[in-house]
Amino acid sequence: MLMIYSAIFTLFLTSRISALAAPPIVYSAVGVPPTVNLTLRAPAIVYSAVIYNVQRSTIHCIVFRSQPSGPILSSGTFTIKNEKYQLIKEVTYHMGTWTAAAIIEKIQCGNLVVNAPFANVTSPVQNWEFRVERNQIVSVGPSSYNPHQE
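So, in structure tokens, the structure goes:
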């Protein structure tokens, strides 16, 4: 009898330990088999940006950034003339023995808003281009904007 109890206890422990070591199972829509999620992705964050105004008129924008420890801060209002670019430089914070870069969380131009995570951003990036169109702010991709050409 003792042998049966120890076998059951061993099976119980084995199932508990293997459940702890197993990768998480991601369940999807009904009828679709579950998949195991083994990919770890880099954070999709933007440190600096280029905003291009394709509207016919001048726009007023605000950029909101998160800081390492504390509230989200805004950049203050800036103006972008029609068919012009505005470079949003990276902001860093000195945290004693290390330096951290602020992350762009939100861009607001007039009534248009785009929030992080931004479309097409798959890893930490600098100089990501956003295009302010008539009805939306579009996350474009890496910018080739050269501030010395204007």
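For reference, each letter of the sequence shown is one residue, going -21 to -1, 1 to 129 in mature numbering (1 follows the signal peptide of the UniProt record, and there is no 0). Using N, Cα and C, we set each Cβ at its ideal position, and we do this for glycine too. The model shown is predicted, which means the values in this text are computed figures rather than measured ones.
Pull up the DSSP beta-bridge partners for residue i, would you.
i	result
N94	K85
N32	V111
S53	F43
Q65	I30
V119	In DSSP, V119 forms no bridge with anything.
V104	V25
Y124	In DSSP, Y124 forms no bridge with anything.
T71	A80
T58	H39
Taking the alpha-carbon positions, what's the residue i to residue j distance?
i	j	result
S54	V119	21 Å
H39	I116	13 Å
V100	P121	9 Å
V25	V104	5 Å
R20	S48	23 Å
F109	Y72	24 Å
Y124	A23	21 Å
T56	S27	16 Å
Y64	L52	22 Å
E84	I59	20 Å
Pop quiz: residue i and residue j are said to be a contact at Cβ under 8 Å. What is the actual Cβ separation, rounded to whole angstroms?
i	j	result
A79	E69	Not really, about 11 Å apart at Cβ, beyond 8 Å.
V42	I86	6 Å
N32	V92	So it is not a contact: roughly 15 Å between Cβ atoms.
T37	N61	6 Å
Decide if residue i is buried, meaning its Cβ has at least 16 other Cβ atoms within 10 Å, or exposed.
i	result
R113	exposed
W107	buried
N94	exposed
I67	buried
A98	exposed
R44	buried
I30	buried
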